[in-house]
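Visitor: Numbering (full-length UniProt numbering), first residue to last: 1 to 66.
All residues carry an ideal CB built from backbone N, CA and C; glycine is no exception.
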């Protein structure tokens with residue numbers, strides 16, 4: 001996850017000095033998008049039932065995956 005305190009932000013301001021937009025390196029932008037997508041996936045799955053670890057291992061062995 002990207003450390004927000006280390007972002008290399010540049011601000012676009014209006015004539016009064018009010019911040020209107022942000023410029024950041026593409027790598028940081030892409031990391032932010034990836035983090036947002038990960039958080040959205042977690043939020044979507046929040047209500048899904050969980051499976052105990054031992055049950056998962058048993059199923060994977062039964063299916064020949066491990």
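Taking C-alpha atoms, which residue in 49, 62, 46, 3 lies nearest to residue 32?
Guide: Of the listed residues, the one whose Cα sits closest to residue 32 is 3.
Visitor: Whole alpha helix (DSSP H) runs in the stretch 13–49 with 4 or more residues, listed along the chain?
Guide: Counting whole runs of 4 or more residues, the stretch 13–49 contains the alpha helix (DSSP H) stretches 26–45.
Visitor: Taking the C-alpha atoms as reference points, what is the distance between residue 66 and residue 12?
Guide: Spanning the two alpha carbons is a distance of roughly 53 Å.
Visitor: Can you tell me where the alpha helix (DSSP H) holding residue 6 begins and where it ends?
Guide: Premise fails: residue 6 is in no alpha helix (DSSP H) and is neither H nor E.
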